[in-house]
Amino acid sequence: MYQDLVGDWIVSQSWGNCSEQSNSCSHTVTTSYQEARLIVREIRLRLKKEGFRHVPRKETQLGFEFELCHLPEQGTLIPAPANSL
């Protein structure tokens with residue numbers, strides 16, 4: 059589950075066997091965090107009923123932090139940060 063650049067929440071699922079090329083994925087777009095969490099909860103409950111169990115592990119974040127910002131008027135110069143040279 060992650061938030062995209064326009065603010066929607068995406069629940070990504072993947073399944074299958076890569077070695078046999080029998081895999082697939084889906085991405086469900088929601089407009090709220092709560093709706094996305096509900097989908098994740100439903101997936102977790104279904105998997106638990108099928109005999110899967112949660113294995114805690116550390117997640118690696120790539121650090122691509124983006125924020126929506128306002129761009130200056132066309133033709134306006136933007137000074138480079140002092141430490142960018």
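Be aware that the sequence shown starts at 59, since it is given in our numbering, and climbs by one per residue.
For each residue, glycine too, the CB sits at the ideal point set by N, CA and C.
Note that the structure is predicted; figures quoted are calculated from it, not measured.
- When secondary structure is reduced to three states using DSSP, residue 87 falls in the strand class.
- Separation of the CB atoms of residue 97 and residue 69 is rounded to 5 angstroms, and the pair is thereby assigned contact status at 8 angstroms.
- Cβ-Cβ distances below 7 angstroms link residue 90 to 67 in the same chain, with the five nearest sequence neighbours on each side left out; the list follows chain order.
- In its chain, beyond the 5 residues on either side, no residue has a beta carbon closer than 6 angstroms to the beta carbon of residue 101.
- Annotation: residue 99 to residue 122 spans about 26 angstroms, alpha carbon to alpha carbon.
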